[in-house]
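Participant: Take the sequence shown: its letters are residues 1180 to 1331, numbered as in the numbering used here.
Note that beta-carbon positions come from the ideal geometry of N, C-alpha and C, so glycine has one too.
First the structure, which I've put down as structure tokens, then a few questions once you've had a look.
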Amino acid sequence: MKQKAQKVISAKGCVVMPGLINAHTHLPMTLFRDYARDLPYMEWAQRIRKAETKLTHADVRAGARLGALEMIRSGTTSFADMYIYMDEVAKAAEETGMRAALGYGMIEGLNEDPLTKLKNREGFVRKWMVQPTAGLQLCMHLIRRNPVQRNF
Ligand SMILES: [Zn+2]
């Protein structure tokens, strides 16, 4: 049986393949590209951490959108992200139609007291767990950023 497509797209000279999956992202960090890049890791991490405390929701939204657009451009259709203000990352995924596994990184600090942090995470889970393109994930990040494990 021969079937005919409603629309034929010429892929002559192109690669046809499934979308790529980026399994570890912090999309808003696209804003920090090249910032302090010449420093040793621990110094770089301290500089980034200080800069992260100044991020606003609008900053995170802009960085997430930029990161999503760059991934789409390179053929990535799905990603797993953990960062702060994750509603903004979820919105970027929704706006672009990308599939995403999202969660807050389990790190201390970053502009929120523990109760606010817990309340915000619960709100995030309740809001986004029902979205068709966004799944949720538990995000344990670098051990050295976990306050319980600081002696490593
Ligand atoms: Zn990471």
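Count the other CB atoms, across all protein chains shown, that sit within 10 Å of the CB of Lys1270; report buried if there are 16 or more and exposed otherwise.
Facilitator: Result: buried.
Participant: Note down the Cα distance separating Ala1241 from Tyr1220, rounded to an integer number of angstroms.
Facilitator: Their backbone Cα atoms lie some 25 Å apart in a straight line.
Participant: Can you tell which of Pro1293, Asp1266, Leu1294 has its C-alpha closest to the C-alpha of Gly1282?
Facilitator: Cα-wise, what sits closest to Gly1282 is Asp1266.
Participant: Could you check whether the Cβ of Lys1298 sits closer than 6 Å to any heavy atom belonging to ligand 2?
Facilitator: Within the structure as shown, ligand 2 is missing, the only ligands being ligand 1.
Participant: Contact between the stretch 1207-1219 and the stretch 1239-1254: three or more CB pairs below 8 Å?
Facilitator: Short answer: they touch.
Participant: If you draw a straight line from the alpha carbon of Lys1296 to that of Glu1274, how long is it in whole angstroms?
Facilitator: Roughly 25 Å between the two C-alpha positions.
Participant: Is it true that the CB of Arg1278 sits closer than 7 Å to the CB of Ser1253?
Facilitator: Their beta carbons are not under 7 Å apart, which means Ser1253 does not touch Arg1278 by this criterion.
Participant: Beta carbon of Gln1310, beta carbon of Ala1280: below 7 Å?
Facilitator: The answer is no: Cβ separation not under 7 Å.
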